[in-house]
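Mature numbering (1 follows the signal peptide of the UniProt record, and there is no 0) puts the sequence shown at residues -25 to -1, 1 to 509.
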Amino acid sequence: MNSTSCLMIPFLVIFLFSFSRVASADRHEDFLQCLESQNFNSISKVIYTPINSSYSSVLQFSIRNSRFNTNATPKPLVIVTALNVAHIQATIRCSEKHGLEIRVRSGGHDYEGLSYVAVGVPFVVIDLINMRTVTVDVANKTAWIQTGATLGEVYYGIAEKSRTLAFPAGVCPTVGAGGHISGGGTSMIMRKYGIAVDHIIDAQLIDVKGRILDRASMGEDLFWAIRGGGGNTFGVVVAWKLELVPVPASVTVFNVTRILTGHDATKLIHRWQYAIEKFDDDLFSRIFIWRANSNQEGKIMIQAAFTSLFLGGVDRLLSLMQESFPELGLVKEDCIEMSWIESTVYSAQFPRNTSLDVLLSRIPGYSTGFFKGKSDFVREPLPEIALEGIWERLNQIDGQLAELQFTAYGGKMDEIAESSTPFPHRAGTLFQIHYAINWDEEGIEAYAKYTSWIRKLYSYMTPYVSKKPRRAYVNYRDLDLGVNNIGNTSYKQASIWGSKYFKNNFDRLVHVKTAVDPANFFRNEQSIPALSSW
């Protein structure tokens, strides 16, 4: 290459960058004009662009991971805080016309920020925060919820009408119902009733053509796909119809923490793996695991919190625990009887006697620092040596920054076919592992340090977890598993991550996507590809 060519490169880069910015600005203006020309219910009142003083506060309000709230994070050209279906239809229509991608946000808890971030492409965020009504029909044991409602708002709305009806969904009350249900929605009563998508009986979706479809008009294939196939792939779901489930007037909860030497933690948690196979279906069990600050020099100390919800009274629970897991040493004083709705507050780790109104807050009760998560499914009990290796790796990181959760499966989950919904993690799953690392330090070095740690732990676990494929939970989204190309991607490339989330259901999801969105308009780094878009 001659010197003239070398001199031309910086000029060319500057020219292309400037051209890109001008083109983006023109596209932005054309998009806004398109939206405002729709004149639907004062749509201009719910449009935010970077020149608006409230743009940053609207964007940041539902960001739950500081990894995606930096100066380098790509920002949307426009945020539309839709008030109604017409606003969403207009946004889809204008985005498609002017070549903008769409991200849809209900609660902002996507682990990789895909509900409000797109890399390398101009994009618009549809924020559903204003579409959050919850309408309960006690007589028919159903509820219609808009997808901008949080789980806390859903639970509160149900409890306003009945203290003996519930919905099997997640623990964190600020999680958006739309995204949670789109990915399956595991639950503290799933061993009794299954997960959220097992109790969705209708939905309203806006497709790529702007049509409003319900279960009857969308057809059973699309209805199947949206119940666990991941969000922002098939259209914009604006409402779900829930089938509510009965719960006793009083349930029992406990949260028993043990601080143990590594040796004793290994023995107790190893035993738990065998005990959960005998647990009654009414009993949910999860262990939170951290490294404890050691007060025994030279010994690894582990803190394990055994958390449970039991659909029954304390006396029966104690009897069942004595029979199946006496090693925990559970006593009556460890247990609290309360209503199911009170248990949702307790399980979210709010202090005892916290008002139920906390469920209506969209502000998390924890600090939103930097975070990376991963997941696994375990089909055979982990050997003691595997647990010991986990403790060694926890000991490499500051206590409380890293956390593992072991969540028992079984019960009703074993009875539901893995093809009944896109969520395939059913029979034969002993428990699920959630890996998490949190940090407050800014910068690339901190990011590299902490993500390297969790990736090494994940690699270490390879021999002990599910195989062919190694499975993962799409609601604990993990871009380390693989990503699509910008624009369109191949079936082969997408199946690298898709088979981990969906197993054999991935093929059916691809066929549904091809039928309903052949041009692949609704897409992100881990959206289902359309065959016709290759």
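Just so it is clear, CB atoms sit at the ideal spot from N, CA and C, and this is done for glycine as well.
Coarse secondary structure for residue i, derived from DSSP in three states
i: N495; result: coil
i: K478; result: coil
i: M193; result: helix
i: I264; result: strand
i: residue 517; result: As displayed, the chain neither begins before -25 nor continues past 509, which places residue 517 out of reach and without an answer.
i: residue 562; result: Since the first residue shown for the chain is -25 and the last is 509, residue 562 is missing from the structure and cannot be characterised.
i: M165; result: helix
i: residue 531; result: Coverage of the chain is limited to positions -25 through 509, which leaves residue 531 absent and any answer about it impossible.
i: F43; result: helix
i: Q271; result: coil
i: L357; result: coil
i: G278; result: Here residue 278 turns out to be Gln, not Gly, going by the sequence shown. Q278: strand per DSSP, three-state reduction.
i: N450; result: helix
i: D256; result: coil
i: L140; result: strand
i: E500; result: coil
i: D415; result: coil
i: Y23; result: strand
i: V485; result: helix
i: F325; result: coil
i: F285; result: strand
i: Q153; result: According to the sequence shown, residue 153 is Gly rather than Gln. Correct three-state label for G153: helix.
i: L188; result: strand
i: V146; result: coil
i: V211; result: strand
i: A200; result: helix
i: G88; result: coil
i: I365; result: helix
i: L305; result: coil
i: D373; result: coil
i: S507; result: helix
i: E390; result: coil
i: F300; result: coil
First through last residue of the beta strand (DSSP E) which encompasses residue i
i: G348; result: 345 to 353
i: T236; result: 226 to 236
i: V172; result: Segment: none, V172 is in no beta strand (DSSP E) and carries neither H nor E.
i: I77; result: 76 to 80
i: V55; result: 53 to 55
7 Å CB neighbourhood of residue i in its chain, flanking five on each side removed
i: A214; result: W119, I120, Q121, T122, A178, Q179
i: I201; result: S157, A178, L180, F209, V212
i: L506; result: Y466, V485, T489
i: V111; result: A118, G132, I133, K136
i: V21; result: V55, T56, A57, L58, H62
i: M(-18); result: Below a pLDDT of 50, predicted positions are generally treated as unreliable, and M(-18), at 36, falls in that range; the measurement from the model is reported next regardless. Closer than 7 Å at the Cβ level, and outside the excluded window around M(-18), lies no residue.
i: D389; result: R401, A402
Identity of the residues DSSP links to residue i by a beta bridge
i: K216; result: W119, D177
i: S318; result: Answer is none; S318 lacks a bridge partner.
i: T110; result: W119
i: D102; result: R80
i: P221; result: L140
Contact belief for residue i with residue j at Cβ below 8 Å, rounded distance in angstroms
i: G386; j: K167; result: 6 Å
i: E218; j: T117; result: 6 Å
i: F259; j: I391; result: With 8 Å as the limit, F259 and I391 do not qualify as a contact, their Cβ atoms being about 16 Å apart.
i: L303; j: V231; result: 6 Å
i: V92; j: A323; result: In fact, because the Cβ distance is near 26 Å, the residues do not count as touching under 8 Å.
i: I316; j: Y130; result: 6 Å
Contact test: residue i Cβ vs the ligand PLP heavy atom, cutoff 7 Å
i: I503; result: No copy of the ligand PLP appears in this structure; indeed no ligand is present at all.
Contacts around residue i, its chain only, beta-carbon distance under 6 Å, and the 5 residues preceding and following it disregarded
i: G203; result: G159, V172, T396, P397, F398
i: V(-4); result: Confidence at V(-4) is low in this model, with a pLDDT of 46, below 50, so the placement of that residue is unreliable and no value is reported for it.
i: P444; result: S474, K475
i: A361; result: Y439
i: E87; result: R452, L454
i: N413; result: G344, F346, L376
i: M296; result: L305
i: A124; result: R107, V109, A152
i: Y448; result: S350
i: V220; result: A141, Y168
8 Å Cβ shell around residue i - same chain, five flanking residues per side excluded
i: G287; result: P223, V226, T227, D257
i: Y422; result: R42, F345
i: R78; result: P51, L89, S90, Y91, V92, A93, F98, V99, V100, I101, N207, N499
N-terminal and C-terminal residue of the alpha helix (DSSP H) that residue i is part of
i: S434; result: 419 to 435
i: I251; result: Premise fails: I251 is in no alpha helix (DSSP H) and is neither H nor E.
i: V129; result: 126 to 136
i: K442; result: That residue, K442, is in no alpha helix (DSSP H); it is neither H nor E in DSSP.
i: T66; result: 60 to 72
i: Y30; result: 30 to 36
Test: residue i CB closer than 8 Å to a CB of chain B
i: V353; result: In the displayed structure, chain B is absent; only one protein chain is listed.
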